[in-house]
Amino acid sequence: MITFAIGLSIVLLFVILFLLFRIGTLASIFRGSSQRAVGTTRTSNRVNSVLFLLFLIVGGAAFAWSFADSWDTMNLPLASVHGEWTDDLFWTTMIVIGVVFVITQILLFYYSYKYQHQDEKRAYYYPHNNKLEIVWTMIPAVVMALLVFGGWKTWTKITSAAPEDAVVIEVMGKQFNWMVRYPGADGQLGVAKHTLIDATNEFGIDFSDPAAMDDFMPMEIHVPKGQPVLFKIRSRDVIHSVFLPHFRVKMDAVPGMPTKFWFVPSKTTDEMRSETGNPDFKYELACTEICGRGHFAMRFILVVDEPEDYQAWLAKQPIFAEQNPEVVAKFSSSFSQQAVAENKTGETAAEVKSEL
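If you read the sequence shown in this note's numbering, its first letter stands for residue 17, the second for the next number, and so on.
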């Protein structure tokens, strides 16, 4: 907030100075003193050109200070393997673009000073230069092609198929909270259908699928350090977005279009607390897609454990079907009725066949 106030004050100062000089010039013209007006115009040009240089120096210093002051905020500690690839790509792009930006801005403001209006100067007519145009077209094209190729390679690695030993976790967004589901001992998530969603069965799990009988839904996400983790992402209502900044994970949750993202955690929660010096540090899953008035509430805690601690946590998790037998009973009842109906239909068909 202080940085913003200082920057705004500097901008307002430059605007005020500029307006004062313009008012002085216009006042001289309206008074009808052409010679004085010419002198004022020359003075105004000199002042404006100096202000350009001053803005370059002060603005550049303010930018450098702001960048250095915000460095720790911009660069969150890294906690995943692929995050290093993402950060390398980001900073490579930023350095290339940043160098070009700084050079062009310096030239822009310097030339505004150097080539300020002077009566004795005349414009130099320089219509065309094929070599120069080829150079300033080819160099950006080659640089951009290399950046795009590097980005494509990184994106291909990040979005490749998850390893077979990945821990599978379903993440579902809804207004306004996250829900997660783990497979049980069988390692397979049961089938879920939106038509089966109710107040208790919020995932819409189809308990006619045997794989669903050992699924569980914890109140926070736990993952093992050093093992691939696959998020199967979906939304129950509007577009949400899964964002884990320390793991460099971001993927939209889109209604009717399941998405996924896999990563390998490289630092446990305890290790990150030690690194940051914050004993209360927690990894957080946030929503980065404004999804309604309660968007701010879409947070979920993620804990990275050592593999043995993760297995101990896994063993303690209660199974949803065991906690909610009445939900499973609805499916059992419907299956019994369906079986009876099919049996009666079979008997009727047999009777008809015998009569024939």
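Even for Gly, the Cβ is constructed at its ideal location relative to N, Cα and C.
Quick check: what's the CA-CA separation for residue 50 versus residue 134? Caution is warranted here: a pLDDT of 49 is assigned to residue 50, below 50, making its placement in the model unreliable, and no coordinate value can be reported.
With respect to the alpha helix (DSSP H) encompassing residue 328, which residues constitute its N-terminal and C-terminal limits? 323-331
Where residue 270 and residue 235 are concerned, what is the direct C-alpha to C-alpha distance, given to the nearest angstrom? 22 Å
Using beta-carbon positions only, say whether residue 239 and residue 326 come within less than 9 Å of one another. yes
Output the distance between the C-alpha atoms of residue 115 and residue 301, rounded to the nearest integer angstrom. 34 Å
Quick check on this structure: which residue in 86, 78, 337 has the alpha carbon closest to the alpha carbon of residue 222? 337
Between residue 320 and residue 241, how many whole angstroms is the CB-CB distance? I'm expecting something under 8 Å. 5 Å
Threshold first: 4 residues or longer. Then list the alpha helix (DSSP H) segments lying entirely within the segment 184-248, N to C. none
Straight-line Cα distance separating residue 187 from residue 284: 20 Å
Measure the Cβ-Cβ separation of residue 76 and residue 264 and say whether it is below 9 Å. no
Pull up the distance between the alpha-carbon of residue 69 and that of residue 152, whole angstroms please. 26 Å
Hey, quick one: how far does the beta strand (DSSP E) through residue 300 stretch, first residue to last? 299-303
In whole angstroms, what separates the C-alpha of residue 216 from that of residue 329? 24 Å
Nearest to residue 249 by CA position, among 275, 208, 199, is which residue? 275
Can you give me the start and stop residues for the alpha helix (DSSP H) that residue 273 sits inside? Note, residue 273: premise wrong, no alpha helix (DSSP H); not H, not E.
Under the three-state DSSP convention, the category residue 148 falls into: helix
Residues near residue 125 in its chain [Cβ-Cβ closer than 8 Å; skip 5 each side]: 68, 69, 71, 72
Any non-hydrogen atom of the ligand NAD closer than 8 Å to residue 270 Cβ: Summarising the ligand content, the structure contains no ligands, and the ligand NAD is consequently not present.
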